[in-house]
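J.:
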Amino acid sequence: MEAINALVLLGNYVIVPGIAYGSQLALAALGVSLIYGILRFSNFAHGDTMAFGAMVAVLLTSLAQSLGISIAPFPTAMLTLPFAIAGTVLLVIAFDFAVYRHFRSIRSSPVVFVIASTGVMFVMQGLIRFIVGPRDRDLGDGARFVVNAREFKAALGLEQGLSIKVSQSLTLGITIIAVLLLFWFLHRTRTGKAMRAFSDNEDLARLSGINPQTVVILAWTLSAALAATAGILYGLDKTFKPIIYFQLLLPTFAAAIVGGLGNPIGALAGGFVVAFSEICITYAFKRFLAYLLPENLEPTGLVQLLSTEYKFAISFFILVVVLLIRPTGIFAGRSS
Amino acid sequence: MSYLAASQLVGGYGGANILHECSLFADCGKISVIVGPNGAGKSTAMKAIFGLVRLSSGSVSLAGNDITGLSPQARVRCGMAIVPQVENVFPSLTVHENLEMGAFLRQDPIAETLQEVYELFPALAEMRTKEAGDLSGGQRQQLAFGRALMTRPTALLLDEPTAGVSPIVITSLFDMILEVAERNIAVLMCEQNASQALAIADTGFVLVQGTNRYTDSGPALLANPEVRRSFLGG
Ligand SMILES: Nc1ncnc2c1ncn2[C@@H]1O[C@H](COP(=O)(O)OP(=O)(O)OP(=O)(O)O)[C@@H](O)[C@H]1O
Ligand SMILES: [Mg+2]
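Protein chains in written order, with this note's numbering: chain E, 1 to 336; chain V, 1 to 234.
1) State yes or no: is the C-beta of L236 of chain E within less than 7 Å of the C-beta of A72 of chain E?
2) Say whether chain V places a C-beta atom closer than 7 Å to the C-beta of S336 of chain E.
3) Only counting the same chain, and skipping five residues up and downstream in sequence, which positions put a Cβ closer than 6 Å to that of S336 of chain E?
4) Would you kindly check if the distance between the Cβ of F90 of chain V and the Cβ of N43 of chain E is under 7 Å?
5) Output the residues surrounding ligand 1, defined as those with a CB atom closer than 5 Å to any ligand heavy atom, in chain order.
6) How far does the beta strand (DSSP E) with I15 of chain E in it extend, from its first residue to its last?
7) Say the cut is 6 Å; is the CB of Q85 of chain V nearer than that to a heavy atom of ligand 2?
8) Suppose the cutoff is 6 Å on Cβ atoms and the five residues either side in sequence are ignored; what does the same chain contact list for G12 of chain V look like?
9) What residue range is occupied by the uninterrupted beta strand (DSSP E) comprising C28 of chain V?
10) Against A267 of chain E, what residues of chain V qualify as contacts under a CB-to-CB distance less than 9 Å, listed in chain order?
11) Beta carbon of I85 of chain E, beta carbon of S223 of chain E: below 7 Å?
12) If you compare alpha carbons, which of V:F50, V:V60, V:N65 and V:V33 is closest to A236 of chain V?
13) List the residues of chain E that V117 of chain V touches, going by C-beta distances under 8 Å, in chain order.
14) For A275 of chain E and G259 of chain E, which I take to be in contact (beta-carbon distance under 8 Å), what is that distance rounded to the nearest angstrom?
15) Cβ of R196 of chain E less than 7 Å from any chain V Cβ?
16) Let me see if you follow: with CB-CB separation under 7 Å, is L70 of chain V close to chain E or not?
17) Within 10 angstroms of its Cβ, does H46 of chain E collect 16 or more other Cβ (buried), or is it exposed?
18) For chain E, check one thing: does any of its Cβ atoms lie closer than 7 Å to the Cβ of M101 of chain V?
19) I'd like the span of the alpha helix (DSSP H) that includes Y310 of chain E, first residue to last.
20) Hey, does S59 of chain V have any beta-carbon neighbour from chain E nearer than 7 Å?
21) Can you name, in chain order, every residue of its own chain whose Cβ lies under 6 Å from the Cβ of V273 of chain E, other than the five neighbours on each side?
22) What is the rounded straight-line gap between the Cα of F50 of chain V and the Cα of W220 of chain E?
23) Which bits of chain V does K311 of chain E rub up against, with CB to CB less than 7 Å?
24) Once DSSP output is grouped into helix, strand and coil, what is the label at D136 of chain E?
25) Report the start-end ranges of each alpha helix (DSSP H) in the stretch 202-290 of chain E that is 4 residues or longer and not cut off at the edges.
26) E87 of chain V touches chain E at which residues, Cβ-Cβ below 8 Å?
27) Please state whether DSSP places V147 of chain E in a helix, a strand or coil.
28) Find the residues of chain V that neighbour S208 of chain E, judging by a C-beta separation of less than 8 Å, and give them in chain order.
29) Counting only the same chain and skipping the five closest in sequence on each side, list residues whose C-beta sits under 6 Å from that of A228 of chain E.
30) Measuring CB atoms only, is the stretch 204-221 of chain E touching the stretch 1-14 of chain E, in the sense that at least three cross pairs come out at less than 8 Å?
31) When the Cα of L158 of chain V is compared with those of V:A16, V:V35 and V:L9, which residue comes out closest?
32) With distances taken Cα to Cα, identify the nearest neighbour of Q247 of chain E among E:A313, E:L79, E:H102 and E:I106.
33) Output the boundary residues of the alpha helix (DSSP H) element that contains I168 of chain V.
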């Protein structure tokens with residue numbers, strides 16, 4: 001019984017949130033990785049691209065609510081997902097035409113692109129604050145829980161309850177669908193293969209007649225769609241606050257780099273590695289150990305490696321360690 | 001005039017010119033071979049013929065049409081194909097996908113051409129689901145060769161097709177090149193294994209510092225004592 005209680009406790013505070021957060025990071029990191037693979041630079045505006053997608057969802061959700069449209073028990077935000085994706089794709093492609101295309105035509109070095117993307121990031125941040133302000137917005141409506149902690153406890157007669165939020169299960173479901181679709185596209189369609197070919201060897205791709213412009217627009221489209229989806233799922237799970245997405249940039253890049261930049265499978269795995277590291281290291285294992293250890297050995301402290309305020313340091317630490325030990329990432333991407 | 005003809009090419013990579021009035025040609029069903037010391041401009045000449053190097057003067061023609069102003073992609077559409085000296089496959093794509101990408105510009109079914117390439121290179125057929133990055137040097141060169149054949153070119157440019165390949169595989173690669181030429185394709189290649197390549201060459205060019213030093217039939221060049229001494233190591 002003690003062991004089951006310990007397991008449920010861990011499930012509730014580490015595993016379930018870790019899977020949800022890991023999925024969100026994985027989606028975000030996939031977008032970063034795609035842009036790196038095709039355009040060969042780290043897109044610092046990716047965090048705010050997520051924020052923009054989530055913002056469109058926030059606005060459309062209020063609109064839908066005021067019109068009395070609802071898809072309960074699902075959150076209304078799910079209904080707005082396609083529109084949020086479309087809006088984000090349009091914005092990102094507009095930025096490509098306004099900014100990056102110029103630097104491609106003069107064949108600028110990757111550093112120039114990174115700096116340009118930082119500029120784009122600031123413009124996006126301004127745009128978002130101009131439209132919705134910097135405040136928190138609640139994105140979630142509809143049912144809150146798939147599995148409710150209290151009912152779970154009562155049904156199984158345990159001390160500890162497990163709760164699974166609607167947003168968490170939606171996150172997992174949508175991530176699985178998005179990843180399957182992405183991999184199907186990249187590995188089974190002619191255009192997807194052309195994108196991988198372009199990422200592998202740009203010159204040979206051009207010589208094979210693959211149109212660079214098409215590939216670039218497609219990369220932005222996929223990356224923006226992934227960003228908007230990740231942004232909305234994160235907002236549903238936590239809350240929508242513009243600054244949070246900027247802060248997500250660090251774990252996102254840690255995930256993409258751990259997996260090897262430009263490598264989609266790596267980005268996926270990296271998302272979970274970073275999410276679980278962050279959660280495990282900042283989780284206080286006191287109660288968990290109390291269930292498992294004999295009474296006289298029970299820990300007196302919190303058994304928490306780092307306090308939650310330091311969670312960003314963890315991404316940073318992972319990043320530094322990976323870059324020192326295996327600069328190409330665990331899955332050998334094309335880092336430079 | 002030859003099927004593929006480059007005349008008086010002058011150009012380079014933006015700095016000093018690498019090519020100085022270099023002229024090359026290749027005929028259908030024949031093999032032309034460029035030899036010369038390292039840095040002579042052999043690769044540069046190949047790239048110039050494919051439109052990958054800016055020319056300040058000179059012209060390139062294919063089947064009698066001037067193609068000097070065409071983009072590399074447009075030249076692929078006209079029936080040209082090139083196997084670059086390095087980075088000539090897509091390493092994370094499978095062998096099969098590499099061949100499919102070779103045929104990217106084609107709108108018609110490619111199954112028949114795939115079949116032909118697999119027949120020409122049985123080693124590739126066995127490896128079709130393997131990633132190109134995992135192939136051995138010889139297999140990789142065969143894949144690069146096969147990829148270029150996927151557009152069913154009429155003129156094929158091979159930049160050192162036997163680089164980094166074991167002697168046995170070199171001989172079989174030369175056999176394949178002969179076989180490809182027999183399909184009425186104009187082959188223009190440059191080679192490190194100069195004597196072996198000149199032995200199968202209908203035309204040989206000795207290039208030195210971006211300009212033609214000798215031009216003759218392959219066997220004649222091989223028999224030329226001066227060429228032997230300076231460029232073939234005795
Ligand atoms: N991309 C490039 N940009 C600038 N200069 C280059 C470039 N590629 C080659 N060169 C220079 O052009 C000259 C000719 O090089 P090229 O590669 O054509 O020689 P090569 O005959 O093919 O030699 P190798 O036998 O080594 O392949 C060399 O001096 C080289 O340094
Ligand atoms: Mg060369």
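Idealized CB from N, CA, C, for every residue including glycine.
T.: Put simply:
1) For the purposes of this step, residue 236 of chain E is taken as the residue at position 236 of the first sequence. For the purposes of this step, residue 72 of chain E is taken as the residue at position 72 of the first sequence. Result no, Cβ atoms of L236 of chain E and A72 of chain E do not sit closer than 7 Å.
2) Indexing the first sequence from 1 puts residue 336 of chain E at position 336. Confidence at S336 of chain E is low in this model, with a pLDDT of 39, below 50, so its placement is unreliable and the value that follows should be read with caution. Answer no: the Cβ-Cβ gap between S336 of chain E and chain V never drops below 7 Å.
3) Counted from its first residue, the first sequence places residue 336 of chain E at position 336. With a pLDDT of 39 at S336 of chain E, under the threshold of 50, the predicted position of this residue should be treated as unreliable, though the coordinate-derived value follows. No residues qualify anywhere along the chain.
4) Sequence index remark: in the first sequence, residue 43 of chain E carries index 43 (1-based). Sequence index remark: in the second sequence, residue 90 of chain V carries index 90 (1-based). Contact flag unset, no.
5) V:Y13, V:I18, V:N38, V:G39, V:A40, V:G41, V:K42, V:S43 and V:T44
6) Indexing the first sequence from 1 puts residue 15 of chain E at position 15. No beta strand (DSSP E) holds I15 of chain E; DSSP gives it neither H nor E.
7) Locating residue 85 of chain V in the second sequence gives position 85, counting from the first residue. Under cutoff, so the answer is yes.
8) Working through the second sequence from its first residue, we reach residue 12 of chain V at position 12. Contacts found: I18.
9) Locating residue 28 of chain V in the second sequence gives position 28, where the first residue counts as 1. Neither: C28 of chain V is in no beta strand (DSSP E) and is coded neither H nor E.
10) Stepping through the first sequence from its first residue, residue 267 of chain E is reached at position 267. Those within 9 Å of A267 of chain E in chain V number zero; the least Cβ separation is about 14 Å.
11) Position 85 of the first sequence, counted from the start, is the residue given in the question as residue 85 of chain E. Position 223 of the first sequence, counted from the start, is the residue given in the question as residue 223 of chain E. Contact: no.
12) With chain V covering 1 to 234 only, the question about residue 236 of chain V has no answer from this structure.
13) Taking the second sequence and counting its residues from 1, the one referred to as residue 117 of chain V is at position 117. Residues of chain E passing the Cβ test: none, with the nearest at roughly 15 Å.
14) Your numbering for residue 275 of chain E matches position 275 in the first sequence. Your numbering for residue 259 of chain E matches position 259 in the first sequence. Not confirmed; about 13 Å, so no contact.
15) By 1-based counting over the first sequence, the position of residue 196 of chain E is 196. Yes, contact with chain V.
16) Locating residue 70 of chain V in the second sequence gives position 70, counting from the first residue. Not closer than 7 Å to any Cβ of chain E, the Cβ of L70 of chain V fails to qualify, so no.
17) What you label residue 46 of chain E is simply residue 46 of the first sequence in a count that begins at 1. H46 of chain E comes out buried.
18) In the second sequence, counting from the first residue as 1, residue 101 of chain V sits at position 101. Yes, contact with chain E.
19) In the first sequence, the residue the question calls residue 310 of chain E occupies position 310. Taken as a continuous stretch (DSSP letters only), Y310 of chain E belongs to no alpha helix (DSSP H), as it is neither H nor E.
20) As a first step, residue 59 of chain V is located in the second sequence; it is residue number 59 there, counting from the start. By this cut-off, S59 of chain V is not an interface position.
21) Here residue 273 of chain E corresponds to residue number 273 of the first sequence, with the count starting at 1. Hits under 6 Å: V258.
22) As a working note, residue 50 of chain V is residue 50 in the second sequence. As a working note, residue 220 of chain E is residue 220 in the first sequence. Computed Cα separation, rounded: 30 Å.
23) Numbered from 1 along the first sequence, position 311 holds the residue referred to as residue 311 of chain E. Neighbours of K311 of chain E on chain V: none; closest Cβ ~33 Å, over 7 Å.
24) Looking up residue 136 of chain E in the first sequence gives position 136. In this structure, D136 of chain E counts as coil in the three-state DSSP scheme.
25) 202-207, 212-237, 242-247, 249-258 and 264-282
26) Within the second sequence, the letter at position 87 stands for residue 87 of chain V. Result: N201, D203 and L204.
27) Here the question's residue 147 of chain E lines up with position 147 in the first sequence. Correct three-state label for V147 of chain E: strand.
28) Locating residue 208 of chain E in the first sequence gives position 208, where the first residue counts as 1. Within chain V, the residues near S208 of chain E are V76, M101, G102, F104, L105 and R147.
29) As a first step, residue 228 of chain E is located in the first sequence; it is residue number 228 there, counting from the start. The residues are G53, A84, I85 and T88.
30) no
31) Sequence index remark: in the second sequence, residue 158 of chain V carries index 158 (1-based). Minimum Cα distance to L158 of chain V is reached at V:V35.
32) By one-based count along the first sequence, residue 247 of chain E stands at place 247. Out of E:A313, E:L79, E:H102 and E:I106, E:A313 has the C-alpha closest to the C-alpha of Q247 of chain E.
33) Within the second sequence, the letter at position 168 stands for residue 168 of chain V. Start and end: P167 to E182.
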